[in-house]
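There are 2 protein chains.
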Amino acid sequence: MIIHYTKDINLNHNTITLTGDEAQHCAKVLRKRMGEDIYVTDGEGALHSCKIIEISKTECKAEIFNTLQQSKRLYDLTISICPTKKQSRIEWFLEKAVEIGVSRIILTQTQRTEKSRLKEVRLHKIVVAAMKQSKNLYLPQVITNQNWNDLIQCNDYGDKYIAHCEDPKTHLAKICGPAQDCIVAIGPEGDFTTQEIKLALELGWKEINLGSSRLRTETAGVVVASVLAQINM
Amino acid sequence: MIIHYTKDINLNHNTITLTGDEAQHCAKVLRKRMGEDIYVTDGEGALHSCKIIEISKTECKAEIFNTLQQSKRLYDLTISICPTKKQSRIEWFLEKAVEIGVSRIILTQTQRTEKSRLKEVRLHKIVVAAMKQSKNLYLPQVITNQNWNDLIQCNDYGDKYIAHCEDPKTHLAKICGPAQDCIVAIGPEGDFTTQEIKLALELGWKEINLGSSRLRTETAGVVVASVLAQINM
C-alpha cells in the first residue's frame, strides 16, 4: 500500500490536494488516473482513502470516502543526537529512527560536535518518506541547531537520559519503563566531554549505557529507538 | 583506542605482522614509529598489546607484550537476509549488525530477491572495520549466495525464526530467551512468498514479527541484532 502525505486537507469539502513531489509521484511514477483510489495521511495519524477527481503532473485532487485514525504510540520518545562528520550517517539515522518509531529528533551541538550545514529540506523529505514507508502515520518533529547547554535545562520531554561511553552502569532498558515519555541524548563522535556529562547529571539527567559494544553515534541512535520499541511492545 | 586486525600472528615468536591496508593505516595515517605501542586482534577474541619493531609503508612487525582474551558472546546469532536492490543498504546493514553484535550473516537468495553481484572483498572490509570500531573482537562470518530452499533445511544455527509481514502474532523478544543460539531470517524487499513461508513452517521454523512498523529489509536486520542484544543484556 502506497501512502501519500499532504497538509492540504479540506475536511469541510472532504477533499485533499497533492502538489509538488507528491503529485508527481502519483501522476508520473504510479500513473494514477481519474477515478482511481489513493491513500493519504496528514502526518497526524489520519489515513484517508480517496478517489482522484482531478489529476495533472503538478496537482492531484481527490475526494475522501473513508478515514481511519491510527492511535498514538504509547510513548513519546525524543532523541537528541549530534550531527556526524559525514552527513549521510545522520541522514541514515533519521530514516531508520522514523521507521522504527520516534516522536522527535533534536540535532544538537555539543563541544565536540562537527560543524555541519544540515540541509533541512532534505531532512524533511527523508522523514516524510520513512513515515510513509513504515506506516507510522505521525510525522516526527525535527529540531535543528539545538544548543546542548540549553537542552539540558529543558524539562519538556519526560525522563532525561544521557548515553555516553564513560562506563555508566545501567542499561537504558533497565531504567526506562513502558508508556514513559523520555528524551535520550547521544553524544557526538568523540563523545560528550566529562564536563558536559557532569552538568547534565547535576540537572537531573540519568546516565545510561546501550550495551558493551562501542557504537557509532548513528548506530546508538537506532539502538535507542529499537530498545524503546521493545520496552513498549 | 585504535585496534588493528591480522591473522598473521606468530605465538611462538610472540610477533604479529600487519600488511596491506592495515600496515598503511598504521604507518601513513597514524604515523606510528619504531618502539610505539599498537593494539592488534586476531578476530577470535584476542587483543594483543604490541610494540613496533619494524615499520614501513607496506609492513609493520610488532612484538606482543600482553594479551587479553575477550569472552565469547552468550548467544550465537545468525541473520539470514536478502541482498537489497541498492547495495549500499545491505552494506549499511552489515556495518550496523557487526557493531551491535552478530555471529554470522547469510546473504540469501529467495524468489523475490533482487539479483545482485555482491563484492565480497568490499563486504569483508566493512565487517573488519565495524569489528574494530565496536571492540567486538570476534569477526563475524559472512556467507554469500545461499539458496533459501537449502537454508531452511539446515539445523546448524539453533532455533529458527522467520520474520515476515503477513501478520505473525508473536514478537521475536517474546519467543526467544537469553543465551539461546538462533537464526532469524528476514525476507527481501517485497517479502517472502506465501509458499516460502509455508515450507519453512513445515520444516520447524517459527514465524515472528518485529513490531507494528513496516520495516525495510535492512532495518529489520538491525532491529533483530538490537532485540537479541537486549534479550541477552
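Those protein sequence lines, which keep their order, are chains A and B.
The numbering used here puts the first residue of the first sequence at 334, with every later residue one more than the last.
The numbering used here puts the first residue of the second sequence at 334, with every later residue one more than the last.
Yeah, the Cβ is synthetic: ideal placement off N, Cα and C, and Gly gets one too.
Quick caveat: nothing in here was measured; it's all calculated off a predicted structure.
Nonlocal neighbours in the same chain, by C-beta distance under 8 Å from lysine 390 (chain B), ignoring five residues either side: Along the second sequence, read from residue 1 onward, the residue named residue 390 (chain B) stands at position 57. Ala356, Gln357, Ala360 and Lys361, listed in sequence order.
Collapsed DSSP secondary structure at leucine 526 (chain B) in the structure displayed: Here residue 526 (chain B) corresponds to residue number 193 of the second sequence, with the count starting at 1. For the sequence presented, residue 526 (chain B) should be read as threonine rather than leucine. Coil, per DSSP.
Residue span of the beta strand (DSSP E) that contains threonine 337 (chain A), given as start and end: Position 4 of the first sequence, counted from the first residue, corresponds to residue 337 (chain A). Correcting the residue type first, residue 337 (chain A) is histidine in the shown sequence and not threonine. Per DSSP, histidine 337 (chain A) belongs to the beta strand (DSSP E) from 336–338.
Selection from A:Thr350, A:Met464, A:Asn542 and A:Ile397 that minimises the alpha carbon distance to valine 431 (chain A): For this step, residue 431 (chain A) is matched to residue 98 along the first sequence. Among A:Thr350, A:Met464, A:Asn542 and A:Ile397, the Cα nearest to that of valine 431 (chain A) belongs to A:Met464.
Same chain only: Cβ atoms within 6 Å of cysteine 498 (chain A), ignoring 5 sequence neighbours per side: Within the first sequence, numbered from 1, the residue matching residue 498 (chain A) stands at position 165. Same-chain partners within the cutoff: Asp524.
Min CB distance tryptophan 538 (chain B) to chain A below 8 Å: As a first step, residue 538 (chain B) is located in the second sequence; it is residue number 205 there, counting from the start. It does not: the Cβ of tryptophan 538 (chain B) has no partner Cβ on chain A nearer than 8 Å.
Under 8 Å from the C-beta of isoleucine 433 (chain A): neighbouring residues of chain B: For this step, residue 433 (chain A) is matched to residue 100 along the first sequence. Here the neighbours are Gly544, Ser546, Leu548, Thr552 and Val556.
Own chain residues within Cβ distance below 8 Å of threonine 443 (chain A), not counting five before or after: Translated into positions along the first sequence, residue 443 (chain A) becomes position 110. If we look at threonine 443 (chain A) and ignore the five residues flanking it on each side, its Cβ neighbours are Cys415, Trp481, Gly520, Pro521, Phe525, Thr526 and Glu529.
heavy atom of the ligand SAH below 7 Å from valine 461 (chain A) C-beta: With respect to the ligand SAH, the structure offers nothing, as it holds no ligand at all.
Contact check, isoleucine 397 (chain B) vs asparagine 347 (chain B), beta carbons under 8 Å: Along the second sequence, read from residue 1 onward, the residue named residue 397 (chain B) stands at position 64. Along the second sequence, read from residue 1 onward, the residue named residue 347 (chain B) stands at position 14. Closer than 8 Å, so yes.
Meets three-Cβ-pair contact criterion under 8 Å: the segment 535–546 of chain B and the segment 470–481 of chain B: no
Three or more C-beta pairs below 8 Å linking the segment 502–515 of chain B and the segment 406–424 of chain B: yes
Residue closest to glycine 434 (chain A), alpha-carbon to alpha-carbon, out of A:Ile423, A:Lys418 and A:Ser467: The residue labelled residue 434 (chain A) in the question sits at position 101 within the first sequence. Of A:Ile423, A:Lys418 and A:Ser467, the residue nearest in Cα terms is A:Ser467.
Sequence-distant residues of the same chain with beta carbon closer than 8 Å to asparagine 399 (chain B), five excluded per side: Along the second sequence, one-based indexing puts residue 399 (chain B) at 66. His381 and Ser382, listed in sequence order.
Anticipated Cβ contact below 8 Å, aspartate 375 (chain B) with isoleucine 336 (chain B), distance rounded: Working through the second sequence from its first residue, we reach residue 375 (chain B) at position 42. Working through the second sequence from its first residue, we reach residue 336 (chain B) at position 3. Not a contact, Cβ separation roughly 11 Å.
For lysine 384 (chain A) and aspartate 489 (chain B), the rounded distance between their alpha carbons: By 1-based counting over the second sequence, the position of residue 489 (chain B) is 156. By 1-based counting over the first sequence, the position of residue 384 (chain A) is 51. Using only the alpha carbons, I get a separation of about 52 Å.
Length at least 3, wholly inside the segment 361–429 of chain A: the beta strand (DSSP E) runs in chain order: 370–374, 379–388, 392–402 and 410–414
Reduced DSSP secondary structure (H/G/I, E/B, other) of aspartate 500 (chain B): Position 167 of the second sequence, counting from 1, holds the residue named residue 500 (chain B). In the structure shown, aspartate 500 (chain B) sits in coil (DSSP, three-state: anything other than H, G, I, E or B).
Residue of B:Ile476, B:Thr446 and B:Leu401 minimising C-alpha distance to lysine 452 (chain B): Numbered from 1 along the second sequence, position 119 holds the residue referred to as residue 452 (chain B). The shortest C-alpha separation from lysine 452 (chain B) is found at B:Ile476.
Residues that histidine 504 (chain B) contacts on chain A, provided the C-beta gap is smaller than 9 Å: The residue labelled residue 504 (chain B) in the question sits at position 171 within the second sequence. Here the neighbours are Gln563 and Met566.
C-beta atoms of isoleucine 412 (chain A) and valine 557 (chain A) nearer than 8 Å: The sequence position of residue 412 (chain A) within the first sequence is 79, counting from 1. The sequence position of residue 557 (chain A) within the first sequence is 224, counting from 1. Yes, the Cβ-Cβ distance between isoleucine 412 (chain A) and valine 557 (chain A) is below 8 Å.
Beta carbon proximity, serine 449 (chain B) to chain A, threshold 8 Å: By one-based count along the second sequence, residue 449 (chain B) stands at place 116. It does not; no Cβ of chain A falls within 8 Å.
Per-residue DSSP class, three states only, for isoleucine 508 (chain A): As a first step, residue 508 (chain A) must be located in the first sequence, where it is residue number 175. Note: isoleucine 508 (chain A) maps to helix in three-state DSSP.
Tyrosine 494 (chain A) and valine 460 (chain A) closer than 8 Å at C-beta: In the first sequence, the residue the question calls residue 494 (chain A) occupies position 161. In the first sequence, the residue the question calls residue 460 (chain A) occupies position 127. Cβ atoms of tyrosine 494 (chain A) and valine 460 (chain A): not closer than 8 Å.
Asparagine 480 (chain A) in three-state terms, based on DSSP: Position 147 of the first sequence holds residue 480 (chain A). Asparagine 480 (chain A) falls in the strand class under three-state DSSP.
Short-range partners of chain B found in the segment 478–491 of chain A, where Cβ spacing is below 8 Å: none
Supposed contact pair leucine 470 (chain A) and glycine 378 (chain A) - C-beta distance, whole angstroms, cut 8 Å: The residue you call residue 378 (chain A) lines up with position 45 of the first sequence. The residue you call residue 470 (chain A) lines up with position 137 of the first sequence. Sure, about 5 Å apart at Cβ, within 8 Å.
Interface partners of valine 460 (chain A) on chain B, CB under 9 Å: As a working mapping, residue 460 (chain A) is identified with position 127 in the first sequence. Result: empty, since nearest Cβ-Cβ is about 14 Å, beyond 9 Å.
DSSP three-state assignment for leucine 344 (chain B), whether helix, strand or coil: Here residue 344 (chain B) is taken as the residue at index 11 of the second sequence, counted from 1. Of the three classes helix, strand and coil, the one that applies to leucine 344 (chain B) here is coil, per DSSP.
Cutoff 7 Å; reference glycine 491 (chain A); Cβ partners in own chain excluding five residues on either side: By 1-based counting over the first sequence, the position of residue 491 (chain A) is 158. Counting only Cβ-Cβ distances below 7 Å, and skipping sequence neighbours, we find Asp409, Gln513, Asp514, Cys515 and Ile516.
Neighbour flag for asparagine 469 (chain A) against chain B, beta carbons, 8 Å: Translated into positions along the first sequence, residue 469 (chain A) becomes position 136. It does: the Cβ of asparagine 469 (chain A) has a partner Cβ on chain B nearer than 8 Å.
Interface residues of the segment 390–411 of chain A facing chain B [CB-CB below 7 Å]: none
Proximity to cysteine 393 (chain A) [Cα-Cα], best of A:Ile423, A:Ala562 and A:Arg364: Position 60 of the first sequence, counted from the start, is the residue given in the question as residue 393 (chain A). Nearest C-alpha to cysteine 393 (chain A): A:Arg364.
Beta-carbon proximity of lysine 429 (chain B) to valine 555 (chain B), cut-off 8 Å: Residue 429 (chain B) sits at position 96 when you count from the first residue of the second sequence. Residue 555 (chain B) sits at position 222 when you count from the first residue of the second sequence. In this structure, valine 555 (chain B) lies closer than 8 Å to lysine 429 (chain B) by Cβ.
Option nearest serine 404 (chain A) by Cα separation, candidates B:Lys502, B:Ser545 and B:Glu551: Locating residue 404 (chain A) in the first sequence gives position 71, where the first residue counts as 1. The shortest C-alpha separation from serine 404 (chain A) is found at B:Ser545.
When B:Asp370, B:Ala496 and B:Ala562 are compared against lysine 539 (chain B), the one with the closest alpha-carbon: Reading the second sequence from its first residue, position 206 is the one you call residue 539 (chain B). Nearest option by C-alpha distance: B:Ala496.
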